[in-house]
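Under this note's numbering, the residues of the sequence shown are numbered 16 to 155, in order.
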Amino acid sequence: MAAAICLGELLIDFVPTVTGTGLTDAPAFVKAPGGAPGNVAVGLARLGVASAFMGQVGDDAFGHFLADTLAENGVDIHSLRFSGAARTALAFVSLQADGEREFMFYRHPSADMLFDAPAVDTAAIRRARLLHFGSISLIG
Numbered sequence: 016m017a018a019a020i021c022l023g024e025l026l027i028d029f030v031p032t033v034t035g036t037g038l039t040d041a042p043a044f045v046k047a048p049g050g051a052p053g054n055v056a057v058g059l060a061r062l063g064v065a066s067a068f069m070g071q072v073g074d075d076a077f078g079h080f081l082a083d084t085l086a087e088n089g090v091d092i093h094s095l096r097f098s099g100a101a102r103t104a105l106a107f108v109s110l111q112a113d114g115e116r117e118f119m120f121y122r123h124p125s126a127d128m129l130f131d132a133p134a135v136d137t138a139a140i141r142r143a144r145l146l147h148f149g150s151i152s153l154i155g
């Protein structure tokens, strides 16, 4: 049983290979797991808190990479769904020289946006002590 449920977006961040530059000037990018609910689930698991992730990714290479990353970090993924109707969300993220972050999202729509109420395991949420909910999936 998970003490913490993290529900919402799980996506791929593409981060520039150099810091202090905007997206336009970045020479190249590397992929990294992203999405606040997924990051929180991994962080809690690393602290020894039983955590689970609820959400949806595309049934694509990025979605399976994210599922594997959660599982390898001790997160319960039994409520992670794979969608054949949409791809995994992508975000390009940079940390500019002034410390501000710049984001560009690709999600028209993405699989996380298609995760609907019937897919939510309400019984697991009732049993958990903590629910962390990411709201970016609600933005159209």
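All C-beta atoms in this analysis are idealised placements derived from N, C-alpha and C, irrespective of residue type, glycine included.
Would you grab the beta carbon distance between LEU81 and THR103 for me? Rounded to a whole angstrom, and I think it's under 8 Å.
-> 7 Å
Which whole-angstrom value describes the C-beta separation of SER13 and ALA139, a residue pair presumed to lie in contact below a C-beta threshold of 8 Å?
-> Coverage of the chain is limited to positions 16 through 155, which leaves residue 13 absent and any answer about it impossible.
Do the region 42–49 and the region 68–75 make contact, defined as three or more Cβ pairs closer than 8 Å?
-> no
Over what stretch of residues does the alpha helix (DSSP H) that includes LEU145 continue unbroken?
-> Note, LEU145: premise wrong, no alpha helix (DSSP H); beta strand (DSSP E) at 145–148.
Taking ASP83 as part of the alpha helix (DSSP H), name the residues at either end of that continuous run.
-> 76–87
Helix, strand or coil: which one does DSSP assign to ASP127?
-> helix
Between LEU38 and GLY149, what straight-line distance do the alpha-carbon atoms span, to the nearest angstrom?
-> Between LEU38 and GLY149, the C-alpha separation is close to 24 Å.
Sorted by chain position, which residues of the same chain lie with C-beta nearer than 6 Å to HIS93's C-beta, five sequence neighbours on each side aside?
-> None.
Relative to the C-alpha of PRO31, which residue among GLY63, LEU22, GLY23 and PRO42 is closest?
-> PRO42
How far does the alpha helix (DSSP H) with LEU38 in it reach, from first residue to last?
-> From DSSP, LEU38 is part of no alpha helix (DSSP H); its letter is neither H nor E.
Below 7 Å CB to CB, which residues in the same chain sit around ALA143 once its five sequence neighbours on both sides are set aside?
-> ALA17, ALA18, ALA19 and ILE20
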